[in-house]
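Numbering (this note's numbering) for the sequence shown: 313 to 541.
Note that the Cβ used here is the ideal one computed from N, Cα and C, for glycine as well.
All figures in this text were calculated on a predicted structure; none of them were measured in a lab.
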Amino acid sequence: MKQRILYALLACVAASAIVLAPQWLSFEQFASHYQELKAFADGYFIQSLIGFFVVYVLIVALSIPVAAVLTLGGAALFGWAALPVIVLAASIGAALVFMLAHSLLREMLKTRVSYWIERVESEFRKSPVRWCLTMRLIPVMPFWAANIIPALLGMRVLPFFYATAIGILPGTAIYVGLGRGLDHVFQQGSVPDLTILSAPEVWGPLIALAILSALSTRFRGQQNAPSQS
C-alpha cells in the first residue's frame with residue numbers, strides 16, 4: 313500500500329514537472345532572469361554546475377522538450393565547462409529511461425514506440441552500438457524513443473550509455489559553441505534568434521558523420537554475409 317502511494321506521488325510530481333517545465337524553462341524566462349542567474353553562477357560556480365547537472369538529468373529522464381534551452385542557457389552561463397556536464401547529464405538521464413523501459417515500464421513504453429520498432433529493428437540488430445551512434449548524431453526520431461527502443465530490443469545498458477555519450481558529443485559541442493556567444497544577448501534581456509540552428513553549415517558535418525556511420529554498418533553487414541555459391 314505504501315509503495316503504491318509512493319508511486320502515485322512520484323507520478324504526480326513527474327506529471328506536474330512535464331506540464332510546468334516548458335513554461336518555467338523557456339528562452340523568455342531565461343532572458344528575463346539572466347542577470348540574477350549569471351551573478352549566482354559567477355559567485356557559486358561549482359554549486360551552480362551541480363544544480364544545472366541535476367536539473368538536466370531530470371529533464372532528460374522525464375523527456376521534457378526543453379533540453380535546447382538548457383544547453384544554450386548553460387553554455388551562456390558556464391562556457392565550455394557546460395559541455396562535459398551536459399553530455400554526462402544527458403547520458404545518465406537517457407540511461408534512466410533505458411532502465412525503466414527495460415524493467416518497470418516495459419509494457420507501457422513498448423506501446424509508445426511500436427511504430428518505430430517495426431521500422432528500425434532489422435538495422436538495429438546488425439549493430440546496436442552503431443545504430444545508437446547514428447541516432448544520436450542525427451536524431452531522425454525523438455530522443456526519448458531512441459532511449460526506449462534499445463532497451464526493448466535487448467541492448468545492455470553500458471554500451472547504450474557509451475554510445476549515447478559519444479553520439480551526442482558533436483551536436484552538443486555545436487550547441488555549446490553557439491550558446492557561448494549568446495551571453496551578451498541574454499545580458500540585454502533579449503531572446504536569441506535561433507534560426508542559425510537549422511543552417512546547413514551547422515548540421516552539415518553531423519549529417520555527413522551519420523551517413524558514414526550508416527554506410528559503414530551496411531558495408532560491414534555485406535562483408536559478414538555468407539557467400540552463395
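Does the beta-carbon distance from residue i to residue j come in below 9 Å?
i, j, result
"residue 452", "residue 392", "no"
"residue 448", "residue 478", "yes"
"residue 401", "residue 372", "yes"
"residue 395", "residue 484", "yes"
"residue 481", "residue 384", "no"
"residue 389", "residue 429", "no"
"residue 382", "residue 366", "no"
"residue 364", "residue 407", "no"
"residue 440", "residue 475", "yes"
Does DSSP put residue i in a helix, in a strand, or in coil?
i, result
"residue 434", "helix"
"residue 356", "coil"
"residue 501", "coil"
"residue 345", "coil"
"residue 467", "coil"
"residue 415", "coil"
"residue 403", "helix"
"residue 429", "helix"
"residue 370", "helix"
"residue 531", "Unreliable positioning characterises residue 531 in this predicted model, as indicated by a pLDDT of 44, which lies under 50. The coordinate reading is nonetheless provided below. It is helical."
"residue 486", "helix"
"residue 462", "helix"
"residue 408", "helix"
Tell me where the alpha helix (DSSP H) around residue i begins and ends.
i, result
"residue 381", "379-390"
"residue 449", "440-449"
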